[in-house]
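S.K.: Residue numbers (my numbering): 28 to 448.
Cβ atoms here follow ideal geometry from the backbone N, Cα and C, with glycine treated the same way.
Below is a structure I'd like to ask you about.
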């Protein structure tokens, strides 16, 4: 009997773990080093690179030819931290980092051989637009951005007007691109001969993505995401889950879908071009991400995970404003859908600017969770998107408490909802 109970318990734990990360599936990786770069060129073929855990440690370049079912070690680098990888096609790729001085490796045969070609500076990030022409940058107190047009044989320094700490690069073509110089964003339209400042921020820039010269996003420290639709003349901060991480990688699609790698065991996702960002749970964390289309992608940090359906449901934290029409009375609506599986929406109306709190109780009246606004919400109709992926199936109650700025209660109501998994 004890053995049976133990088996049931272990099976339940296994089911919980599987369902928790069911849409981002952990893959088996032959090394236990942090993934610092990942790039797929099709459904099956991809590469990843690792950093080192301590000085004197070993880093690796990994390769898969079956979508990550198996990852194989292609290259071993002793006492070298690899920070970035750029794969051009099935044959040509570059991988760079540092062992104090800069180190840069190149393959022309799909990784059968990775040969060191040398670089005058350490490589924090790289961006190649074709097999011969590309860029590297160096996170250092002196601005350092360099370009090659002969496959890395020679490098030209292009740092005019840049400041310092060049973290990330993004190019539309060889001539037009951007560099994140810590808190400043710079743009070039003449292959780095000149750089023009296109933004200055309170947070450090850690990722860049542009559709064209006008429409782009930046991922930043302190969990910030900013957007421009006019080439960087103005930047708008976008709503995000607020998980206090650093937004390391951005991939956007014209359909409005977008993903951000955030080092909090979460993938950020949007379906409306970033007007609202939610998150998905990721079993491998997401220091780096790579997608071959809007549904199939990989993430890497503490291991590698894969999705084939866009990562599943999105969890939104916070309130969405539906409209600002002032209602006749305070009201709490029935959640929808109801019954629901993991995620539901709770709509409510405010006649005055108020502070709002929600409490969720189980059938026994035990408080399970609480949400409250960090500021007063304007009069109008709002919606809380509630995620119960960690709750068991059953009957729950949700209660709204609306208060004024002094804490005096203006309105309170409770309704029932049913979770079915």
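Relative to the C-alpha of residue 412, which candidate in 186, 102, 291, 303 has its C-alpha closest?
M.R.: 303
S.K.: If you scan the stretch 180–261 from start to end, which runs of the beta strand (DSSP E) of 3 or more residues do you find wholly inside it?
M.R.: 193–198, 204–208, 211–215, 223–227, 232–237, 243–247, 252–255
S.K.: For residue 327, which residues of its own chain have a beta-carbon under 7 Å away from its beta-carbon, when the five flanking residues on both sides are left out?
M.R.: 62, 65, 75, 311, 314, 315
S.K.: Looking at the unbroken beta strand (DSSP E) that takes in residue 95, where does it start and where does it end?
M.R.: Residue 95 -> no beta strand (DSSP E), and no H or E assigned at all.
S.K.: Give me whichever residues DSSP pairs with residue 113 in a beta bridge.
M.R.: Residue pairing by DSSP places residue 113 opposite 121 in a beta bridge.
S.K.: Apply the 10 Å Cβ neighbour rule to residue 292 and answer buried if 16 or more other Cβ atoms are within range, or exposed otherwise.
M.R.: So residue 292 ends up on the buried side.
S.K.: Does the contact criterion of 3 or more C-beta pairs under 8 Å hold for the stretch 202–212 versus the stretch 153–172?
M.R.: yes
S.K.: From residue 351 to residue 319, what distance separates their C-alpha atoms?
M.R.: 40 Å
S.K.: Tell me residue 317's beta-bridge partners as DSSP assigns them.
M.R.: 325
S.K.: Can you tell me where the beta strand (DSSP E) with residue 448 in it begins and where it stops?
M.R.: In the DSSP assignment, residue 448 falls outside any beta strand (DSSP E), carrying neither H nor E.
S.K.: If you count every other CB in all the chains shown that lies within 10 Å of the CB of residue 105, and 16 or more means buried, which is it?
M.R.: exposed
S.K.: Have a look at residue 416 and residue 309 and give me their C-alpha separation to the nearest angstrom.
M.R.: 14 Å
S.K.: If we count Cβ pairs, one from each stretch, closer than 8 Å, do we get three or more for the stretch 90–102 versus the stretch 358–369?
M.R.: no
S.K.: Taking buried to mean at least 16 other C-beta atoms within 10 Å of its own C-beta, is residue 230 buried or exposed?
M.R.: buried
S.K.: What distance in whole Å lies between the Cβ atoms of residue 54 and residue 358, which are believed to be in contact at a cut-off of 8 Å?
M.R.: The pair is not a contact, with the Cβ atoms about 48 Å apart (cut-off 8 Å).
S.K.: Which first and last residues belong to the beta strand (DSSP E) in which residue 275 is found?
M.R.: 274–279
S.K.: Just to confirm the assignment, what range does the beta strand (DSSP E) spanning residue 348 have?
M.R.: 346–350
S.K.: Determine the extent of the beta strand (DSSP E) in which residue 411 is found, giving its start and end residues.
M.R.: 407–414
S.K.: Going by DSSP, name the residue or residues bridged to residue 289.
M.R.: 274, 293
S.K.: Which whole-angstrom value describes the C-beta separation of residue 244 and residue 228, a residue pair presumed to lie in contact below a C-beta threshold of 8 Å?
M.R.: The Cβ separation is near 13 Å, so there is no contact.
S.K.: Could you compute how far the alpha carbon of residue 50 sits from the alpha carbon of residue 248?
M.R.: 26 Å
S.K.: Find the nearest neighbour of residue 84 within the set 69, 107, 151, judged by alpha-carbon distance.
M.R.: 107
S.K.: Do you know how far the Cα of residue 390 is from the Cα of residue 446?
M.R.: 12 Å
S.K.: Which one or two residues does DSSP pair with residue 143 in a beta bridge?
M.R.: 132
S.K.: Give me the Cα-Cα distance between residue 301 and residue 405, rounded to the nearest whole angstrom.
M.R.: 22 Å
S.K.: Which one of 52, 87, 280, 237 has the shortest CA to CA distance from residue 60?
M.R.: 87
S.K.: Look at residue 373 and residue 425 and say whether their C-beta atoms are less than 8 Å apart.
M.R.: Closer than 8 Å, so yes.
S.K.: Would you tell me roughly how many angstroms separate the C-alpha atoms of residue 48 and residue 133, rounded to the nearest one?
M.R.: Unreliable positioning characterises residue 48 in this predicted model, as indicated by a pLDDT of 42, which lies under 50. The coordinate reading is nonetheless provided below. Each residue's alpha carbon lies about 35 Å from the other.
S.K.: At what residues does the beta strand (DSSP E) containing residue 435 begin and finish?
M.R.: First-last for residue 435: undefined, no H or E at that position.
S.K.: On the three-state DSSP scale, how would you describe residue 398?
M.R.: DSSP places residue 398 in strand when its eight states are reduced to three.
S.K.: Extract the residue ranges of the beta strand (DSSP E) inside the stretch 356–381, only unbroken runs of 3 or more that lie entirely within it.
M.R.: 370–377
S.K.: The beta strand (DSSP E) that contains residue 333, what's its start and end?
M.R.: 330–334
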